[in-house]
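J.: Residue numbers (the numbering used here), protein chains in the order written: chain D, 1 to 172; chain E, 1 to 197.
Ideal placement from N, C-alpha and C gives every residue a C-beta, glycine not left out.
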């Protein structure tokens with residue numbers, strides 16, 4: 001393994017650990033009464049109500065509720081794990097400050113949107129067939145999300161390398 | 001790598017993810033069954049005080065932990081007596097997630113020759129054992145520790161968080177996704193270095 005790869009893996013792993021421990025310092029109550037309803041819940045409920053107005057979905061703390069289904073957003077189901085992973089990878093890659101900031105902002109948006117799709121999708125899964133929830137929630141969704149985020153990271157690293165190469169050749 | 005090649009690689013990855021996910025969903029229990037003795041060995045080594053009996057019951061991996069010695073819970077509480085058996089469990093699908101991620105990374109990696117592909121397959125075995133050792137046994141032990149933590153908390157006592165619980169929380173928060181991604185990348189990087197002409 002070359003030094004660059006080792007450095008990337010070591011930095012990403014250390015940063016991930018640091019993000020994880022900082023996240024666990026946030027009390028459950030803050031997450032479930034402030035962050036989850038405001039950052040995730042209302043947006044997901046609006047999406048569901050726009051797509052299917054008859055559901056009349058409401059948000060109460062960390063729960064998205066309709067007559068037929070209730071979805072609780074709990075610690076770890078907020079996309080934080082993937083966000084920490086992507087951010088650690090972007091910071092560990094060692095791109096320029098400009099590329100890192102753009103990667104972080106776009107990466108954050110991507111993770112947020114993917115997680116919103118997951119939350120809305122899980123709500124419909126519960127409503128349609130509760131038995132499908134465990135495999136979709138614990139198995140298919142996490143692995144697919146990792147794949148999509150890896151795709152984003154690959155595209156970002158490619159853009160960084162191309163851009164830096166173009167800058168170098170201009171300077172030369 | 002041009003845009004077309006990158007697109008093809010992404011499509012290949014998606015197909016591999018789909019095939020592995022479906023294979024795991026329908027036949028993953030067989031793989032986990034094969035890994036049970038390994039899980040038992042690692043669990044016993046990591047626990048230092050239990051005899052581990054791990055079985056698949058319905059869709060869950062169930063860990064029957066028999067205490068070899070009295071296990072103290074808190075200084076103020078009576079210990080768990082030696083010889084008593086307690087249990088914890090996680091679902092088979094839960095255990096398959098890091099395996100699917102690891103093999104998606106390794107099989108999607110663009111190998112340049114047959115030798116490289118064979119090396120990748122060979123390295124996937126220790127990689128599989130590594131991510132299996134750092135996920136399932138620790139999760140099962142961590143579940144037991146959660147029980148002890150809750151028992152202490154219910155009695156109004158505080159209990160120091162043991163390492164297996166810290167590790168379990170780290171892996172459950174997303175570490176069990178990061179671990180196979182990094183292990184897969186490290187394996188591929190190692191193979192590229194080993195097969196360099």
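Count the other CB atoms within 10 Å of the CB of residue 57 of chain E; is the residue buried (16 or more) or exposed (fewer)?
T.: Result: exposed.
J.: For the alpha helix (DSSP H) holding residue 10 of chain E, just list the boundary residues, first then last.
T.: Its alpha helix (DSSP H) spans residues 3-47.
J.: For residue 175 of chain E, decide whether its Cβ has a neighbour in chain D, counting only Cβ atoms nearer than 8 Å.
T.: Output row for residue 175 of chain E: interface = yes.
J.: What residues from chain D crowd round residue 17 of chain E, counting only those whose CB sits closer than 8 Å?
T.: Simply 143, 144 and 147.
J.: At what residues does the beta strand (DSSP E) containing residue 46 of chain D begin and finish?
T.: Run containing residue 46 of chain D: none in the beta strand (DSSP E); it sits in the alpha helix (DSSP H), 42-51.
J.: According to DSSP, residue 90 of chain E sits in a beta bridge with which residue or residues?
T.: DSSP output for residue 90 of chain E lists E:61 as bridge partner(s).
J.: Could you check whether residue 138 of chain E and residue 167 of chain E sit closer than 8 Å to each other, using their CB atoms as the reference points?
T.: It is a contact, given that the beta carbons lie within the stated cut-off.
J.: Kindly indicate the opening and closing residues of the beta strand (DSSP E) around residue 59 of chain D.
T.: Element bounds for residue 59 of chain D: 58-60.
J.: What three-state label does DSSP hand residue 53 of chain E in the structure shown?
T.: It is a strand residue.
J.: Given that residue 104 of chain E touches chain D, what residues does it touch there, using C-beta distances under 9 Å?
T.: Near residue 104 of chain E (Cβ distances below 9 Å), the residues of chain D are 143, 146, 147 and 150.
J.: Expressed to the nearest angstrom, what Euclidean distance is found between the alpha-carbon atoms of residue 144 of chain E and residue 3 of chain E?
T.: So the alpha carbons of these two residues sit roughly 49 Å apart.
J.: For the segment 160-191 of chain E, which residues have a beta carbon sitting closer than 8 Å to at least one beta carbon of chain D?
T.: The segment 160-191 of chain E vs chain D, Cβ under 8 Å: 169, 170, 172, 173, 174, 175, 177, 178, 181, 182, 185, 186, 189 and 190.
J.: Output, in chain order, the set of chain E residues within a Cβ distance shorter than 9 Å of residue 27 of chain D.
T.: Near residue 27 of chain D there are no residues of chain E at all, since even the closest Cβ is about 15 Å away, more than 9 Å.
J.: If we count the other Cβ atoms within 10 Å of its Cβ and call it buried at 16 or more, is residue 161 of chain D buried or exposed?
T.: So residue 161 of chain D ends up on the exposed side.
J.: Once the 5 residues before and after residue 49 of chain D are set aside, which same chain residues still bring their CB inside 6 Å of it?
T.: Closer than 6 Å at the Cβ level, and outside the excluded window around residue 49 of chain D, lie 57.
J.: Kindly say whether residue 10 of chain E, judged by its beta-carbon, lies nearer than 8 Å to any beta-carbon of chain D.
T.: With 8 Å as the cut-off, residue 10 of chain E counts as an interface residue toward chain D.
J.: To the nearest angstrom, how far is the alpha carbon of residue 239 of chain E from that of residue 21 of chain D?
T.: What is shown of chain E runs 1 to 197, which leaves residue 239 of chain E out entirely.
J.: I'd like to confirm something about residue 160 of chain E: is its beta-carbon nearer than 7 Å to some heavy atom of the ligand SAH, or not?
T.: The model on display carries no ligand, and the ligand SAH is accordingly not part of it.
J.: Please compile the residues from chain D whose C-beta is within a distance smaller than 7 Å of the C-beta of residue 100 of chain E.
T.: Correct list: 143.
J.: Are the C-beta of residue 199 of chain D and some C-beta of chain E separated by less than 8 Å?
T.: Outside the shown range of chain D (1 to 172) lies residue 199 of chain D, about which nothing can therefore be said.
J.: Can a CB atom of chain E be found closer than 8 Å to the CB of residue 2 of chain D?
T.: At least one chain E Cβ lies under 8 Å of residue 2 of chain D.
J.: Which residue spans inside the segment 68-154 of chain E form an unbroken alpha helix (DSSP H) run of at least 4?
T.: Qualifying alpha helix (DSSP H) stretches, in chain order: 92-108, 114-133 and 136-154.
J.: Residue 89 of chain D: which of D:151, D:164 and D:166 sits nearest, CA to CA?
T.: Here the closest residue by C-alpha is D:151.
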